[in-house]
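Peer 1:
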Amino acid sequence: MMQILHNKYFKLLFYILLPLAILGVLGYYEILKTKILLKEFIAFGAFSLLIYSLIAIFFSKVNKYIVTITTLFLSLLVFIKISFYHHYKVRLDASAYYVIFETNKTESIEFLKFYFDNYVIIISVLLLALPVLVYFTFGKKETFKITKSLKLLSFLCICITSSIIAFKFKKENLIYNSVLSYKEYKEFKKNLKSELANQISPFVTVQEIKNKEKETYVVIIGESTSNWHMQLYGYQRETNPLLSEIKEELLVFKNVITSNTHTIIALDKILTFSDYQYPNKKNNTSIVQLANAAGFNTYWITNQRPVGLHESVSTIIGQAANKFIPLSIGNSNEVSLDEKILPELKKVLQNKEEKKIIFIHLMGTHGVYKYRYPDSFNQFTNSPNNIRLNTSNKAIKLINEYDNAITYNDYIVRSIIDQIKALEDKSLVIYFSDHGDELYDTIDFVGHNEYLATKPMYEIPFIVWMSDKYKKENKDSFEFNSYLKRKYILDDFIHSFSDLLKIKHNKFDSTRSIFSPNFKFKKRLIKTNIDYDK
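In the working numbering, the protein residues as written are -7 to 526.
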């Protein structure tokens, strides 16, 4: 037995198979369905054989350095697979890659802090130990000569394994999926830039509003805020003390959901004509372009940190505004609180234009939650009364931080409303979030993703404040209070936006506006043709 273990060829075979074996062992505990585990195991085995066959083709001999680097590469793939299954219980797919491509440096660091738990540390150390073990157990002079017959066998293996991966296991192959998803993402961004970054869209005919009345409208786009943790929606904690003070002035819509639980996909549908049926709509138009064409002066104020100044979906759409105001483009390590927006909004409101629409994109309650509010809003420190799925200290801490972030968000939204109210113009403020987060409310999980897709991730705040002048002029158009329980999905928001601001265009559909007497309920489809209401 010892002679076999000391044989360098058996040693090489042992190290070739080791990452695959670890995937099998860890996958047994993390991958819930045996069929999926078996597919992952076969797919990774085929890919490992493909890699070593390629090495045999391109090298005349293999030494410890080649084996070490290859083991490191395969171990990294195992780490990515297992840690993703650990957190999300599913394999990586295109939507996950889109989120990765859209993530900036700060969000990446925050994500690692948020999800890098003890289990992930243990498996990272375990997998990192493999290439180290290879390096120190192979002698410097140990090499493996690649004969012509072995090269021929390797060529045969390449043909077989590449065919197996291409026809049977594409979805399980990280390299193939990442390259394909990146190409699709670049094409998606290219289309967005070509259609949505211009101030005026050629794909819609808009009737310009010519009256000279002074109007000021604000659209607040929140981030990761679930109505499950909002006092206005029945949450037991006082997370909306300031908005609750003016509750009688607000329209709080109770049954509005987002289309997706990832920002990039959700905002593309919320802010444009894209929807469930046409998710990557050609010849598209955004709400900013509609406002421009209708004769409004448009502003986009954002506290979101872009991937590059013009890179994220929201910044591409925001660039179409007459003035784009990014507030978070400095030091990437700096915590950027949403209160930065308030003095900038004050400056914009001092401008003398007759008609303006201001889009405000908040950081909201984006994880890591403790970075979303100042110390003065660290109000919740005890265990919540209704916690049930996870009572660990970590869970209590995260719930408290999320509730503190929502309380701070309450202050920001109320402060914006107060600034608009002080104008005494014909005005309104619309507030919604791109998606929500799960905080151990329905499953033992914190955060958001398309795979687990819980109600707190979909059910978001949708709140409207209107000035007395606006209500007086539109009292015959909208029976607002009777609309508050309508079931609505935000991929139709562009129609509601047009309706509320009286922007007339050839693509407007009143049956898709939550504010219209002609509103017709449609199935709220999510994920793969799933009816949300069933």
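Beta carbons: idealized from backbone N, C-alpha and C, even for Gly.
Note that this is a predicted model, so its numbers are computed, not measured.
(1) In angstroms, rounded to a whole number, what distance separates the CA positions of residue 1 and residue 136?
(2) According to DSSP, simplified to helix, strand and coil, what is residue 506?
(3) Give me, in chain order, the residues of the same chain whose beta-carbon lies closer than 6 Å to that of residue 515; leave out the 5 immediate sequence neighbours on both sides.
(4) Report yes if the C-beta distance between residue 348 and residue 411 is below 8 Å; otherwise report no.
(5) From this set, 246, 222, 245, 249, which residue's C-alpha is nearest residue 236's C-alpha?
(6) Per DSSP, what kind of secondary structure is residue 199 in: helix, strand or coil?
(7) Compare the beta carbon distance of residue 242 and residue 506 with 8 Å and say whether it is the shorter of the two.
(8) In or out: residue 539 buried (at least 16 other Cβ within 10 Å) or exposed?
(9) Taking a contact to mean a Cβ-Cβ separation below 8 Å, would you say residue 284 touches residue 191 in this structure?
(10) What residue from 419, 483, 183, 350 has the CA that sits closest to residue 274's CA?
(11) Could you have a look at residue 469 and say whether DSSP puts it in helix, strand or coil?
(12) Reducing DSSP to helix, strand and coil, say where residue 241 ends up.
(13) May I ask which residues mark the beginning and end of the beta strand (DSSP E) holding residue 420?
(14) Using CA coordinates, which residue listed in 154, 198, 401 is at the minimum distance from residue 45?
(15) Consult DSSP for residue 353 and reduce its assignment to one of helix, strand or coil.
(16) Can you tell me whether DSSP reads residue 431 as helix, strand or coil?
(17) Would you kindly check if the distance between the Cβ of residue 94 and the Cβ of residue 266 is under 8 Å?
(18) Let me check understanding here. Comparing Cα to Cα, which of 344, 383, 393 lies closest to residue 366?
(19) Determine the direct distance from the alpha carbon of residue 129 to that of residue -3, and round the result to whole angstroms.
(20) By the DSSP assignment, the alpha helix (DSSP H) with residue 336 in it spans what residues?
(21) With H, G and I counted as helix, E and B as strand and the rest as coil, what does DSSP make of residue 290?
(22) So, for residue 452: in the same chain, excluding its five sequence neighbours on each side, which residues have a beta-carbon less than 7 Å away from its beta-carbon?
(23) Under 8 Å, do residue 408 and residue 210 count as touching if we go by C-beta distance?
(24) Enumerate in chain order the residues of its own chain whose CB-to-CB distance from residue 529 is below 7 Å, with the five nearest sequence positions on each side excluded.
(25) Report the partner residues of residue 497 according to the DSSP bridge assignment.
(26) To which residues of the same chain is residue 173 closer than 6 Å at the C-beta, ignoring the five residues directly before and after it?
(27) Between residue 74 and residue 115, is the Cβ-Cβ spacing less than 8 Å?
(28) How about the region 351 to 358 and the region 370 to 385: do they share at least three Cβ pairs that are nearer than 8 Å?
(29) Just checking, does the region 250 to 260 make contact with the region 470 to 490 on the three C-beta pairs under 8 Å criterion?
(30) Here's the rule: buried if 16 or more other CB atoms are within 10 angstroms of the residue's CB, otherwise exposed. What is residue 108?
(31) In this structure, how does DSSP classify residue 1 when only helix, strand and coil are distinguished?
(32) Are residue 291 and residue 315 close, meaning C-beta to C-beta below 8 Å?
(33) DSSP three-state label for residue 524, please.
(34) Whose CA, out of 91, 489, 214, 477, lies closest to the CA of residue 532?
Peer 2: Concretely, from the data shown:
(1) 8 Å
(2) coil
(3) 523
(4) no
(5) 222
(6) strand
(7) no
(8) Outside the displayed range of the chain (-7 to 526) lies residue 539, so it cannot be described from this structure.
(9) yes
(10) 183
(11) coil
(12) helix
(13) 418 to 425
(14) 154
(15) strand
(16) strand
(17) no
(18) 393
(19) The predicted model places residue -3 with a pLDDT of 48, which falls under 50 and marks its position as unreliable; any figure quoted below should be read in that light. Spanning the two alpha carbons is a distance of roughly 12 Å.
(20) 333 to 342
(21) strand
(22) 217, 218, 219, 248, 249, 250, 424, 425, 427, 428
(23) yes
(24) Outside the modelled stretch of the chain, which goes from -7 to 526, sits residue 529, for which no answer is possible.
(25) 198
(26) 86, 89
(27) yes
(28) no
(29) yes
(30) exposed
(31) helix
(32) yes
(33) coil
(34) Nothing about residue 532 can be reported from this structure: the residues present for the chain run from -7 to 526 only.
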